[in-house]
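Have a look at the structure below, then the notes.
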Amino acid sequence: MGVSPQVVTRFAPSPTGALHIGNVRSGLFAWLFARHRGGRFILRIDDTDRERSTTESLDEIIDSLRWLGIDWDDGPPNPAFFQSNRFDRYRECLRQLLSSGKAYPCYCSPQELDARRKQAQQERRKPVYERICRDKPFAPDLAPPDRAGGRNYTIRFRMPLDGETVLDDLVRGRSVFQNIELDDLIIVRSDGVPTYNFASVVDDADFGVTHIVRGDDHVTNTPRQIQIFRALGFKEPAFAHMPQVLGADGAPLSKRHGASSVYAYREQGYFPEALLNYLARLGWSHGDQEIFSKQELIDLFGFEACGKSPGIFNAEKILWLNFHYLKQRTPAELAHEIRPFIERRGYTIPGDEAWLVRMVATLRERAKTLVELVEFAHFYLSDDIKVEPKAAAKFFKPEIAEALKSLASEIGALDGDFSEAAIQAAFERVLGRFAMKLGQLAQPVRVALTGGTVSPGIYEVIAVLGAKRTVGRLENALRQIESGSQP
RNA sequence: GGUCCCAUCGUCUAACGGUUAGGACACCGGCCUCUCACGUCGGUAAUGCGGGUUCGAUUCCCGCUGGGAUCACCA
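Take the first sequence: its letters are residues 48 to 534, numbered as in the working numbering.
As structure tokens, this is what we get:
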């Protein structure tokens, strides 16, 4: 049988802001599909809006994609994949549409159109362009609008007035649009810049895109684009529209829902695997499976298993996933990854790499992100610890002073063997001497060493802290107990 | 409002005419325990409503209700 043509998908972000979670998700699905089918994945930069496009944003897109491990076969830095470099080609296609009568100039001004729109809305009519210039005669060799030329017209697409356009969407199934409902959209602005619906079609055709995978905010554009594909003499590709991602309040995900960009997640100490896993699972499933490696995602992905309704972004679940991936890492790996986060907080690490690894090992199951882990590590990283007043009031009682003193000297005498076992033995000697239970001693010590009532096991903490810092903090606590007991 | 689409626990979802409606996050409780976590065991919780079709509907059809997308010289 015939070899099925190679699949080509693309992700076409605009470099006009942060790379948004909902946005990468569309890119992820396009990428997964291409990889699943052994096809090609293209990154195209939709930068026709020159005012809003920035290089910072472009860098962020590229950086974010790399961090997530989404790679592209064609795209930046190749200039051919920037729409701003393809204006000549768009112009060529425009001439073709003009000379075949499939596009026409429109002389209505923005103000005029705006006024008509408002009036239509007031009269409860559809706020669409009424094809005012559609039948005005024009020269087939009309010069396209041009910024330099100062033309006062746009170019509109001559949409068929009858018939229907069928969209057989790979995830949503069939939708039928009556062509009369489709308006004569502007395809080239008066400054000569093509609009998205036009440039995108030309690019997708030129680059041989076989499957357009994108967010379902584009569905209503699709029948228009299909008509443009056909007018240009191209066969339209297949479409797959993924449902949107909403915030907890059901509104589209945005900045006010907290972290919404890939960068934000990275900075908050999330792992790329967690974000990838979460995003893929939001709107797609494979039975009861929750954890997917990148390779599993590629192997198992398919549009049949994609849902059609919008999903609500759940910050707690991605936190749980992140915790899962955090636990999978060895302390040594975590120590390596956490360094920049520690440094960003302004700490000087008071030990060598081996020390850092031991520190991480004690905290690993108590933090869900790298940032949380650093926050928890404050009492290890700094000697500037403030004791929580409530904890001090509860545990820094005069009657504990002698036991703390005794423990300090036991710890201080522990020069050779500073293992957890040795520390435990020291504790037991003190416990025996004062006829106390571990719980009675451990909490005051914990407060003295960490400033609070929550920490890893007390022997671990002491082992990582070392004798000198431990004794110093015990002495500080004793001073506080004495001064506090004065009337 | 027009057009298009969607509808299972609070959330993400499984079920593709026959299940005590399953899993996961979150939540609640037991166990573990030097605190907090981790771990472990268990629990609460869903087919929006009304009609059909069928021996039988979460599943198929219709209506209602609810939700989303979109209606720019932005992408």
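Ideal Cβ positions, reconstructed from N, Cα and C, are used throughout, including at glycine.
DSSP beta-bridge partners for Trp-331?
Cys-353
Please give me, in chain order, every unbroken run of the alpha helix (DSSP H) with length at least 4 that falls completely inside the stretch 471 to 530.
485 to 497 and 505 to 512
What is the rounded straight-line gap between the Cα of Glu-177 and the Cα of Thr-212?
20 Å
Measure from the alpha carbon of Asp-106 to the alpha carbon of each residue in Gly-74, Tyr-317, Leu-428 and Pro-62, then state which is nearest.
If we check each option's Cα against that of Asp-106, Pro-62 comes out closest.
Reducing DSSP to helix, strand and coil, say where Val-434 ends up.
coil
Which residues bound the beta strand (DSSP E) around Val-256?
Taken as a continuous stretch (DSSP letters only), Val-256 belongs to no beta strand (DSSP E), as it is neither H nor E.
So what does Asp-121 bridge to, in DSSP terms?
For Asp-121, which the question treats as bridged, DSSP gives the partners Ile-89.
Taking the Cβ atom as the reference point for each residue, do Phe-442 and Gln-490 lie within a distance shorter than 8 Å?
yes
Report the CB separation of Gln-143 from Asp-250 in whole angstroms; it is logged as a contact under 8 Å.
The pair is not a contact, with the Cβ atoms about 15 Å apart (cut-off 8 Å).
Out of Gly-504, Ala-495, Thr-500 and Ser-502, point me to the one whose CA is closest to Arg-520's CA.
Ala-495
Applying the 10 Å Cβ sphere with the 16-neighbour rule, what's the burial state of Gly-479?
exposed
May I ask you to report which of helix, strand or coil DSSP gives Glu-159?
Glu-159 falls in the helix class under three-state DSSP.
Reducing DSSP to helix, strand and coil, say where Val-407 ends up.
helix
Can you tell me the Cα-Cα spacing of Gly-536 and Glu-337, whole angstroms?
Residue 536 falls outside the range modelled here, since the chain spans only 48 to 534, and no answer is possible.
By how many angstroms is the C-alpha of Lys-415 removed from the C-alpha of Leu-366?
6 Å
In three-state terms, what does DSSP make of Tyr-151?
DSSP, read as helix, strand or coil, puts Tyr-151 in strand.
In angstroms, rounded to a whole number, what distance separates the CA positions of Thr-56 and Ser-247?
13 Å
Taking the alpha-carbon of Thr-269 as reference, which of His-288, Gln-471 and Ser-146 has the nearest alpha-carbon?
His-288
State buried or exposed for Thr-101, treating a residue as buried only when at least 16 other CB atoms are found within 10 Å of its CB.
exposed
From Leu-300 to Ala-362, what distance separates their C-alpha atoms?
Straight-line Cα distance between these residues: approximately 12 Å.
Just checking my contact of Leu-322 with Leu-115 at CB under 8 Å: how many whole Å lie between their CB atoms?
7 Å
Can you tell me which of the three DSSP states Glu-343 falls into?
Shown here, Glu-343 sits in a helix according to DSSP, grouped into three states.
Just to confirm, are Arg-413 and Pro-503 a CB contact at a threshold of 8 Å?
yes
According to DSSP, is Gly-294 helix, strand or coil?
Coil at Gly-294, not helix or strand.
What residues in its chain sit with their C-beta under 8 Å from that of Val-54, if we drop five residues either side in the sequence?
Phe-80, Ala-81, Arg-84, Gly-85, Gly-86, Arg-87, Thr-257 and His-258
With a cut-off of 8 Å on the beta carbons, I'd call Ala-127 and Phe-204 a contact; round off their distance for me.
Not confirmed; about 25 Å, so no contact.
Pull up the distance between the alpha-carbon of Leu-525 and that of Ala-439, whole angstroms please.
In a straight line, the C-alpha of Leu-525 is about 11 Å away from that of Ala-439.
Please classify Val-223: is it buried, with 16 or more other beta-carbons within 10 angstroms of its beta-carbon, or exposed?
exposed
Which ranges does the beta strand (DSSP E) cover as unbroken runs of at least 3 residues, wholly within the stretch 165 to 253, from first to last along the chain?
201 to 204, 211 to 216, 220 to 225 and 233 to 235
Is it right to say Ser-356 is buried, meaning 16 or more other beta carbons lie within 10 angstroms of its own, or is it exposed?
exposed
As a quick exercise: from Arg-386, Ala-450 and Gly-316, pick the residue whose alpha carbon is nearest that of Val-404.
Arg-386
Are Pro-290 and Gly-239 closer than 8 Å when you measure CB to CB?
no
So, using beta-carbon positions, are Ala-352 and Phe-339 closer together than 8 Å?
no
Exposed or buried, Thr-377, counting other C-beta atoms within 10 Å across all chains shown (16 or more means buried)?
exposed
Are the Cβ atoms of Asn-226 and Gln-272 separated by less than 8 Å?
no
In the DSSP assignment, find the unbroken alpha helix (DSSP H) run with Phe-465 in it and report its ends.
Taken as a continuous stretch (DSSP letters only), Phe-465 belongs to no alpha helix (DSSP H), as it is neither H nor E.
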